[in-house]
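Colleague: If you're matching positions, the sequence shown starts at 48 in our numbering and goes up one per residue.
Just so it is clear, CB atoms sit at the ideal spot from N, CA and C, and this is done for glycine as well.
If you're wondering where the values come from, they're calculated on a predicted model, not measured in any experiment.
Sharing a structure here in structure tokens format.
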Amino acid sequence: MAQVQTLPKVMSHPPAPNFHASHWQHRPAWQTTWHAIETSFGRGESFLHTLQAWQQDANAPATLFFTAFANESPSHLEPLIAGHLFGLLPGVHRIALENNKVQLTLCIGPAPVIAREVDIAADSFYTDSLEEWGAKSIARLCKRGTCLAWSYTASPLLKELQQIGIQINDPPQSGVYQPQWTPKTSLRPSSSTLFHLPNDAANRHAVVIGSGLSGAAVAHSLAGRGWTVEVLDQGENLGAGASGLPAGIFATHVSPDNNVLSRITRDGVRATLQRAKQLRLEGTQWQVSELLEHRYAGKRQLPSGALWPEAGHEWSTNAQTPQKVAGGLQENSDALWHAMAGWIQTHAFVKAQLSHPNISWRGRCNVAQLQRIDSEWQALDAHGQCLATSKHMVLANAHQCQALLDTVQCTEHEKINQRPHLPATALRGQVTLGSMAMLPPTLREKLPSFPVNGHGSFIGQLKTLQSLGTDAEDYWIVGSSFQRNDFDVTPRHEDVVSNIQQWAELMPALSDEIQQGIELSKTRSWAGIRSALPDRVPAVGEFKHPDFKGLQVCTGMGARGISWSVLCGELLAAHLNHEPLPMAASLAKLMAASRFG
48 MAQVQTLPKV MSHPPAPNFH ASHWQHRPAW QTTWHAIETS FGRGESFLHT
98 LQAWQQDANA PATLFFTAFA NESPSHLEPL IAGHLFGLLP GVHRIALENN
148 KVQLTLCIGP APVIAREVDI AADSFYTDSL EEWGAKSIAR LCKRGTCLAW
198 SYTASPLLKE LQQIGIQIND PPQSGVYQPQ WTPKTSLRPS SSTLFHLPND
248 AANRHAVVIG SGLSGAAVAH SLAGRGWTVE VLDQGENLGA GASGLPAGIF
298 ATHVSPDNNV LSRITRDGVR ATLQRAKQLR LEGTQWQVSE LLEHRYAGKR
348 QLPSGALWPE AGHEWSTNAQ TPQKVAGGLQ ENSDALWHAM AGWIQTHAFV
398 KAQLSHPNIS WRGRCNVAQL QRIDSEWQAL DAHGQCLATS KHMVLANAHQ
448 CQALLDTVQC TEHEKINQRP HLPATALRGQ VTLGSMAMLP PTLREKLPSF
498 PVNGHGSFIG QLKTLQSLGT DAEDYWIVGS SFQRNDFDVT PRHEDVVSNI
548 QQWAELMPAL SDEIQQGIEL SKTRSWAGIR SALPDRVPAV GEFKHPDFKG
598 LQVCTGMGAR GISWSVLCGE LLAAHLNHEP LPMAASLAKL MAASRFG
């Protein structure tokens, strides 16, 4: 059973009147979510006050989205939330609480510039900085009916607020956005904007093709929002594809300029950490163990100066000598220490996500063709037999995704619209694993308790690898190999040799002991195929082409499936449910599948 991540009740007595709660109490019965915006997060006091009101209101919306802003990473946070708010670098951070029923989106950066990263309007909006934000920036995040309040009445902006469509109450400390014209907006419509959004079972049912990390994450994200989800997989059992990897690491990516890949990966690792905790995986199935990254010559390094403030070092920092020595490196080796990193048994993670009661899984389903009839999508087998039908179909089948896209019959739109094409590359990877007990005692005692990565990776002290059915022995795993467009998953001896050599180079202080102490005949191997896109960023969501409406994809994770899949699942679910995005809008746009047609 999933763990309900709840904060302690803020207070035992009834809360003082809360601005946001006073308005959500009057929402229409069909509106099950509420989006509150506040321009000053402070120490988190107002958020906790709103959380308290939500906890104690039996008629509160099922899901509360609370978006707040801070010019820089907040300090001296309220103790109840301080533990959840780590690594708050400039950007957008999603903190999931109360079993995902309360979603805090914290935007760090100069206001109102950082507000451009929010692309959906508020239901209620409170600001104590009218002059700093300006009327136009506030109006941008409003929709017809948004309730607003501000902290003082003498603002010279009151007249300007009226001019942009805000009807001001008496006394002049609140108002409602009710322009007498049809406002133009570039924002996505929220669920409350889409008046009487169809909420019947057919519109909240999805079919997901593929049950690896991507498919499981998407299915769980939708199921947690009340959808029913059918998951189809060609394998007889879970873990038939690349997600059968016995265990893998999740870790942040660093770059001197804090590039897109680095920012997306931090968002992804945060999402993975939150979900693994929510699912309450056993201690033998995952661990936030921290991780040592061996920086080979010319390998990426941390940003410097203002690009990497104290909050950045909560994620990644230069490794200290004791950490390098413990990780099998030389004292003069260049290395990074990642505090918010660790390992997870992939099969266990997939299985836990698919265990949601709203999800049904079916194996031996070889989908050969997609067919759209009116607004319904059908998944057909090679004989034309319909395996599943839904208005919403999600392809999460890695390098096999394009083959199914190619089966879609297009109308005259094909002449004027680019047909979706995912230029994916299949990446074969083989790992090597063995029993810790079979290692020479002197080597076994020197191996670190935390993972080490660089060119390849090492994880030790793994117990009961579910995907391989191992016993209770402790195992180590190293790898992986890297072969492009190679689809043969038969284990290869030369890859075993290469993986052991890679391990020796990863830990130069233990190189001789590794090369001399590993008996290749007593190791095991596993190989799988991953899928990557040329810009190294996944593809998530719907295509532009009108004949593909209702068809979503979640693919292109490459070697970062553990770090990215949960974030991608949440992103896709946010779009389908017309919710605030779980990340900066500019980063989400770079991940949009629509860039491929």
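Grab the span of the alpha helix (DSSP H) containing residue 547 for me, first residue to last.
Modeller: Here residue 547 is taken as the residue at index 500 of the sequence shown, counted from 1. First-last of the alpha helix (DSSP H) with residue 547: 540-553.
Colleague: To the nearest angstrom, how far is the alpha carbon of residue 510 from that of residue 399?
Modeller: On the sequence shown, position 463 is the one that residue 510 refers to. On the sequence shown, position 352 is the one that residue 399 refers to. The alpha-carbon atoms of residue 510 and residue 399 are separated by roughly 17 Å.
Colleague: Quick one: what's got a C-beta closer than 7 Å to residue 633's C-beta in the same chain, skipping five residues either side?
Modeller: Residue 633 sits at position 586 when you count from the first residue of the sequence shown. So the list reads 164, once near-sequence residues are dropped.
Colleague: What are the residues that DSSP puts in a beta bridge with residue 497?
Modeller: Indexing the sequence shown from 1 puts residue 497 at position 450. Answer is none; residue 497 lacks a bridge partner.
Colleague: I need the boundaries of the alpha helix (DSSP H) containing residue 615, first residue and last residue.
Modeller: Translated into the one-based positions of the sequence shown, residue 615 becomes position 568. Residue 615 -> alpha helix (DSSP H) spans 608-623.
Colleague: Nearest to residue 383 by CA position, among 84, 638, 416, 364, is which residue?
Modeller: Within the sequence shown, numbered from 1, the residue matching residue 383 stands at position 336. Closest option to residue 383, Cα to Cα, is 364.
Colleague: CA-CA distance, residue 223 and residue 332?
Modeller: To locate residue 223, count along the sequence shown from 1; it is residue 176. To locate residue 332, count along the sequence shown from 1; it is residue 285. Taking the straight line from one Cα to the other gives about 50 Å.
Colleague: DSSP state of residue 128, grouped into three classes?
Modeller: As a position in the sequence shown, residue 128 is number 81, starting the count at 1. Three-state result, residue 128: helix.
Colleague: Taking the alpha carbon of residue 182 as the point to measure from, which residue in 167, 204, 445 has its own alpha carbon closest?
Modeller: Translated into positions along the sequence shown, residue 182 becomes position 135. It is 204 whose Cα lies nearest to the Cα of residue 182.
Colleague: Are the segment 117-130 and the segment 153-163 in contact at 8 Å, needing three or more beta carbon pairs?
Modeller: Touching, per the Cβ criterion.
Colleague: When you compare each of 495, 274, 613 to residue 319 by their alpha carbons, which one comes out closest?
Modeller: Taking the sequence shown and counting its residues from 1, one reaches residue 319 at position 272. Ranking the options by Cα distance to residue 319, first place goes to 613.
Colleague: Roughly how many angstroms lie between the CA atoms of residue 349 and residue 309, to the nearest whole one?
Modeller: Taking the first residue of the sequence shown as 1, we reach residue 349 at position 302. Taking the first residue of the sequence shown as 1, we reach residue 309 at position 262. Going from the Cα of residue 349 to the Cα of residue 309 covers about 10 Å.
Colleague: Specify the secondary structure class of residue 437 as computed by DSSP and reduced to three states.
Modeller: Here the question's residue 437 lines up with position 390 in the sequence shown. The answer is strand: DSSP assigns residue 437 an E or B state.
Colleague: How is residue 594 classed by DSSP in three states: helix, strand or coil?
Modeller: Within the sequence shown, residue 594 is the residue found at index 547, counting from 1. Residue 594: helix per DSSP, three-state reduction.
Colleague: Leaving aside the five residues before and after residue 468 along the sequence, list all residues of the same chain whose C-beta is less than 8 Å from its C-beta, in chain order.
Modeller: Start at 1 with the first residue of the sequence shown, and residue 468 comes out as number 421. Correct list, in chain order: 449, 452, 643, 644.
Colleague: Relative to the C-alpha of residue 30, which residue among 208, 178, 111 is closest?
Modeller: The question about residue 30 has no answer here: the residues shown for the chain are numbered 48 through 644.
Colleague: Helix, strand or coil for residue 242, going by three-state DSSP, please let me know.
Modeller: Taking the first residue of the sequence shown as 1, we reach residue 242 at position 195. Bear in mind that a pLDDT of 48 at residue 242, under 50, signals an unreliable position, so the number given afterwards is only what the model happens to contain. Residue 242: coil per DSSP, three-state reduction.
Colleague: Please work out which residues of its chain come closer than 8 Å, Cβ to Cβ, to residue 294, disregarding the five sequence neighbours upstream and downstream, and give them in chain order.
Modeller: If you number the sequence shown from 1, residue 294 lands on position 247. Here the set comprises 390, 391, 392, 393, 506, 509, 512, 524.
Colleague: Please identify the residue among 301, 209, 177, 527 whose C-alpha is closest to the C-alpha of residue 199.
Modeller: Looking up residue 199 in the sequence shown gives position 152. Nearest of 301, 209, 177, 527 to residue 199, Cα basis: 177.
Colleague: Would you report the Cα separation of residue 256 and residue 598, rounded to the nearest angstrom?
Modeller: The sequence position of residue 256 within the sequence shown is 209, counting from 1. The sequence position of residue 598 within the sequence shown is 551, counting from 1. Residue 256 and residue 598: Cα-Cα distance of roughly 11 Å.
Colleague: Could you spell out where the beta strand (DSSP E) holding residue 383 opens and where it closes?
Modeller: As a working note, residue 383 is residue 336 in the sequence shown. Taken as a continuous stretch (DSSP letters only), the beta strand (DSSP E) holding residue 383 covers 382-385.
Colleague: What did DSSP end up calling residue 90 once you bin it into helix, strand or coil?
Modeller: If you number the sequence shown from 1, residue 90 lands on position 43. In this structure, residue 90 counts as coil in the three-state DSSP scheme.
Colleague: Applying the criterion that 16 or more other CB atoms from any shown protein chain within 10 Å of the CB defines a buried residue, is residue 242 buried or exposed?
Modeller: Walking along the sequence shown from the start, residue 242 turns up at place 195. Here residue 242 scores only 48 on pLDDT, less than 50, and its place in the model should not be relied on; the value that follows carries that caveat. That one is exposed.
Colleague: Go ahead and pull the three-state DSSP assignment for residue 313.
Modeller: For the purposes of this step, residue 313 is taken as residue 266 along the sequence shown, with counting starting at 1. The answer is helix: DSSP assigns residue 313 an H, G or I state.
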